[in-house]
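Here the structure comes first, spelled out in structure tokens, and everything after it is commentary.
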Amino acid sequence: MAGIVNYVKESFGELKNNVSWPTWAEAQSLTVLVAVFSIIFSLAIWGIDTVFSKVIGFYFQWING
1 MAGIVNYVKE
11 SFGELKNNVS
21 WPTWAEAQSL
31 TVLVAVFSII
41 FSLAIWGIDT
51 VFSKVIGFYF
61 QWING
């Protein structure tokens with residue numbers, strides 16, 4: 001149990017003293033950037049999925065006559 005407590009203390013010390021945290025403005029701009037790219041990527045995946053779905057649907061209609 002003492003090993004876990006020591007690990008948690010060292011982890012907090014590492015985060016407090018050795019990690020360079022972004023400024024609030026930088027964090028906000030990076031959050032917006034990630035949100036925008038996530039939306040763009042999800043729309044691209046949706047578009048590709050829709051196209052493949054239509055192609056497969058037309059293929060099976062063509063095969064079944």
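Numbering (our numbering), first residue to last: 1 to 65. In this text, a Cβ means the ideal position worked out from N, Cα and C, and glycines have one as well.
Can you tell me the Cα-Cα spacing of Glu26 and Val5, whole angstroms? For Glu26 and Val5, the distance between alpha carbons rounds to 33 Å.
Integer Cβ distance of Leu30 from Pro22, believed to fall under 8 Å: About 7 Å separates the two Cβ atoms, so the contact holds.
Quick one: what does DSSP say Asn64 is sitting in, helix, strand or coil? The answer is helix: DSSP assigns Asn64 an H, G or I state.
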